[in-house]
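Numbering (the UniProt record's numbering), first residue to last: 1 to 164.
This is the structure we're talking about:
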């Protein structure tokens, strides 16, 4: 009976410590050395920013935020970005699925001297959850979105989830 109680207690404590909100998830995984920008602020017409997608190509090819440029994560090449954006004072917003991989890329840009770099809070998932448009590689609006994995897809509340 004692062992059963211990197992029950351990299971209960595991479930009690699970991530409850996106903010808690990001606080756990990110250093927050890169400031966040909200999807609402990014979507405002007055926001003039270069938008970089730090997901993998298979994710980007399902859909992406309009006017964004694919830079990847595993194959990210800082020199290529530096050549294409020589002005280190430009406003740059980087996004991924929820905002973890994009922080890594944003930190690399900051170390290279870029001064106006932001991480999109909640990433493309939060963008879609707020009903902002996504486009496919042909430039057509789409409801499809790469959900990254079954575990991470719980943060994507809208759209049609694609996994491969």
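We treat Cβ as the ideally placed atom computed from N, Cα and C, and that holds for glycine. Note that the coordinates shown come from a computational prediction; the quantities given were computed from them, not determined experimentally.
Where does residue i land, buried or exposed, given buried means 16+ other C-beta within 10 angstroms?
{"i": "residue 84", "result": "exposed"}
{"i": "residue 119", "result": "buried"}
{"i": "residue 79", "result": "exposed"}
{"i": "residue 156", "result": "buried"}
{"i": "residue 149", "result": "exposed"}
{"i": "residue 68", "result": "buried"}
{"i": "residue 159", "result": "buried"}
{"i": "residue 99", "result": "buried"}
{"i": "residue 128", "result": "buried"}
Could you check what DSSP says for residue i in three-state terms: helix, strand or coil?
{"i": "residue 27", "result": "helix"}
{"i": "residue 22", "result": "helix"}
{"i": "residue 129", "result": "helix"}
{"i": "residue 141", "result": "strand"}
{"i": "residue 117", "result": "strand"}
{"i": "residue 46", "result": "coil"}
{"i": "residue 4", "result": "Below a pLDDT of 50, predicted positions are generally treated as unreliable, and residue 4, at 36, falls in that range; the measurement from the model is reported next regardless. Correct three-state label for residue 4: helix."}
{"i": "residue 109", "result": "helix"}
Might you give, ordered along the chain, the residues of its own chain that have their beta carbon closer than 6 Å to the beta carbon of residue i, omitting 5 neighbours on each side?
{"i": "residue 106", "result": "34, 94, 117 and 119"}
{"i": "residue 49", "result": "91 and 93"}
{"i": "residue 137", "result": "61"}
{"i": "residue 3", "result": "Any answer about residue 3 is weak, because its pLDDT of 41 lies below 50 and its placement is not dependable; what the coordinates show is given next. Excluding sequence neighbours, residue 3 sits near nothing in its chain."}
{"i": "residue 63", "result": "134, 136, 142, 144 and 145"}
{"i": "residue 126", "result": "39"}
{"i": "residue 153", "result": "147 and 161"}
So, at 8 Å on beta carbons, what are the nonlocal neighbours of residue i in its own chain, with the 5 sequence-adjacent residues on each side left out?
{"i": "residue 164", "result": "58"}
{"i": "residue 31", "result": "103 and 107"}
{"i": "residue 73", "result": "54, 55, 56, 96, 101, 104 and 105"}
{"i": "residue 41", "result": "47"}
Which same chain residues end up closer than 7 Å to residue i when comparing Cβ atoms and leaving out the 5 residues on each side of it in sequence?
{"i": "residue 112", "result": "78 and 82"}
{"i": "residue 114", "result": "88 and 92"}
{"i": "residue 123", "result": "95, 96, 97, 98, 99 and 102"}
Between which two residues does the beta strand (DSSP E) harbouring residue i extend?
{"i": "residue 161", "result": "160-162"}
Checklist entry - Curious, which full-length beta strand (DSSP E) runs of at least 3 residues does the region 53-101 contain? => result Entirely contained in the region 53-101, the beta strand (DSSP E) runs reaching 3 residues are, in chain order, 68-70 and 91-95.
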